[in-house]
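Asks: Per this note's numbering, the very first residue in the sequence shown carries number 688; after that it's consecutive. Heads up, the beta-carbon is just placed ideally off N, CA and C, and yes, glycines get one too.
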Amino acid sequence: MLTTRTKLIVDTMEKATNNAKSYVPDYGEGIVGSVLAPGTNPHVLPTPPFTALNKQDFDRLTNGEIAVYAVGGIQYGDIFDPPLIKPYETIYCYQILPPPSLPFGTCSFTNSIK
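1) Using a threshold of 8 angstroms, state whether the C-beta atoms of Val755 and Ile778 are closer than that.
2) If you follow the beta strand (DSSP E) that Thr699 is in, where does it begin and where does it stop?
3) Measuring alpha carbon to alpha carbon, tell me which residue in Arg692, Lys708, Leu695, Met700 is nearest Thr749.
4) Taking the continuous alpha helix (DSSP H) assigned at Thr749, which residues delimit it?
5) Under a Cβ-count criterion, where at least 16 other Cβ atoms within 10 Å of its own Cβ denotes burial, should Val758 be classed as buried or exposed?
6) State the DSSP-derived secondary structure class of Thr793, mapped to helix, strand or coil.
7) Taking the CB atoms as reference points, tell me whether Gln762 and Tyr714 lie closer together than 8 angstroms.
8) For Pro790, does the count of other Cβ atoms within 10 angstroms reach 16, so buried, or fall short, so exposed?
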(Lines of atoms letter the chains of each structure in order from A; the text may use other names.)
(Lines give C-alpha, C1' and ligand atoms only; values in the text may rest on other atoms or scores of the structure.)
Protein backbone atom coordinates (compact mmCIF):
# COMPACT_ATOMS: atom_id res chain seq x y z
CA MET A 688 0.00 0.00 0.00
CA LEU A 689 1.31 3.44 -0.96
CA THR A 690 -0.21 6.69 0.24
CA THR A 691 0.31 10.30 -0.75
CA ARG A 692 0.57 13.11 1.72
CA THR A 693 -2.77 14.85 2.09
CA LYS A 694 -2.74 18.10 0.11
CA LEU A 695 -4.71 21.14 1.27
CA ILE A 696 -6.12 23.29 -1.56
CA VAL A 697 -7.18 26.84 -0.63
CA ASP A 698 -8.23 29.27 -3.36
CA THR A 699 -11.19 31.06 -4.87
CA MET A 700 -14.25 28.84 -5.13
CA GLU A 701 -13.77 28.14 -8.86
CA LYS A 702 -9.99 27.62 -8.78
CA ALA A 703 -10.03 25.43 -5.66
CA THR A 704 -12.85 23.28 -7.04
CA ASN A 705 -11.09 22.88 -10.41
CA ASN A 706 -7.79 22.00 -8.67
CA ALA A 707 -9.52 19.42 -6.48
CA LYS A 708 -11.34 17.93 -9.50
CA SER A 709 -8.11 17.63 -11.47
CA TYR A 710 -5.96 16.35 -8.59
CA VAL A 711 -3.53 13.59 -9.60
CA PRO A 712 -1.85 11.70 -6.74
CA ASP A 713 1.96 11.81 -6.56
CA TYR A 714 3.39 8.66 -4.99
CA GLY A 715 6.91 10.02 -5.31
CA GLU A 716 9.78 10.60 -2.98
CA GLY A 717 9.34 10.30 0.76
CA ILE A 718 6.25 8.10 0.72
CA VAL A 719 6.69 4.77 2.47
CA GLY A 720 4.76 1.68 1.44
CA SER A 721 3.30 -0.79 3.89
CA VAL A 722 1.48 -4.12 3.97
CA LEU A 723 -2.07 -4.32 5.23
CA ALA A 724 -2.83 -7.84 6.43
CA PRO A 725 -6.40 -9.20 6.51
CA GLY A 726 -8.25 -8.27 9.69
CA THR A 727 -5.92 -5.39 10.64
CA ASN A 728 -6.70 -1.70 10.85
CA PRO A 729 -5.22 0.59 8.20
CA HIS A 730 -2.57 3.11 9.12
CA VAL A 731 -3.41 6.79 9.40
CA LEU A 732 -2.63 8.66 6.20
CA PRO A 733 0.49 10.81 6.35
CA THR A 734 -0.26 14.51 6.45
CA PRO A 735 2.02 17.48 6.22
CA PRO A 736 1.82 20.07 8.96
CA PHE A 737 -1.17 22.25 8.12
CA THR A 738 -1.35 25.91 8.98
CA ALA A 739 -4.64 27.11 10.41
CA LEU A 740 -6.60 29.52 8.26
CA ASN A 741 -5.88 33.11 9.19
CA LYS A 742 -8.77 35.37 10.20
CA GLN A 743 -9.09 36.87 6.70
CA ASP A 744 -9.29 33.43 5.00
CA PHE A 745 -11.67 32.12 7.68
CA ASP A 746 -13.98 35.09 7.02
CA ARG A 747 -13.67 34.52 3.25
CA LEU A 748 -14.55 30.81 3.74
CA THR A 749 -17.54 31.79 5.91
CA ASN A 750 -18.71 34.26 3.23
CA GLY A 751 -18.31 31.70 0.42
CA GLU A 752 -15.50 33.59 -1.32
CA ILE A 753 -12.99 30.73 -1.09
CA ALA A 754 -13.12 26.95 -0.90
CA VAL A 755 -10.85 24.58 1.03
CA TYR A 756 -10.30 20.94 0.03
CA ALA A 757 -8.13 18.12 1.44
CA VAL A 758 -7.15 15.58 -1.26
CA GLY A 759 -4.89 12.55 -1.53
CA GLY A 760 -4.55 9.04 -2.86
CA ILE A 761 -3.87 5.43 -1.92
CA GLN A 762 -2.55 2.65 -4.18
CA TYR A 763 -2.98 -0.96 -3.15
CA GLY A 764 -3.07 -4.44 -4.58
CA ASP A 765 -4.61 -7.77 -3.68
CA ILE A 766 -2.01 -10.54 -3.84
CA PHE A 767 -4.66 -13.27 -3.61
CA ASP A 768 -7.51 -12.57 -6.03
CA PRO A 769 -6.88 -11.54 -8.76
CA PRO A 770 -3.15 -10.97 -9.09
CA LEU A 771 -2.75 -7.47 -10.54
CA ILE A 772 -0.13 -5.93 -12.76
CA LYS A 773 -1.53 -2.45 -12.04
CA PRO A 774 -2.63 -1.64 -8.45
CA TYR A 775 -6.03 -0.36 -7.40
CA GLU A 776 -6.18 3.33 -6.59
CA THR A 777 -8.51 5.32 -4.36
CA ILE A 778 -8.51 9.10 -4.62
CA TYR A 779 -10.15 10.91 -1.74
CA CYS A 780 -11.41 14.47 -1.42
CA TYR A 781 -12.98 16.28 1.50
CA GLN A 782 -14.30 19.81 1.44
CA ILE A 783 -13.80 21.93 4.54
CA LEU A 784 -17.23 23.47 5.05
CA PRO A 785 -17.93 26.95 6.38
CA PRO A 786 -19.55 27.43 9.78
CA PRO A 787 -22.08 26.64 11.17
CA SER A 788 -22.13 23.33 9.26
CA LEU A 789 -20.15 20.17 9.96
CA PRO A 790 -16.35 20.56 9.83
CA PHE A 791 -16.04 18.75 6.49
CA GLY A 792 -17.94 16.74 3.92
CA THR A 793 -17.06 14.55 0.97
CA CYS A 794 -16.62 16.15 -2.43
CA SER A 795 -19.51 15.40 -4.74
CA PHE A 796 -17.24 15.15 -7.80
CA THR A 797 -14.52 12.69 -6.74
CA ASN A 798 -13.61 10.01 -4.18
CA SER A 799 -12.97 7.45 -6.89
CA ILE A 800 -11.80 3.86 -6.83
CA LYS A 801 -10.02 2.54 -9.93
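Replies: Considering the structure as presented:
1) no
2) 694-699
3) Met700
4) 742-749
5) buried
6) strand
7) yes
8) exposed
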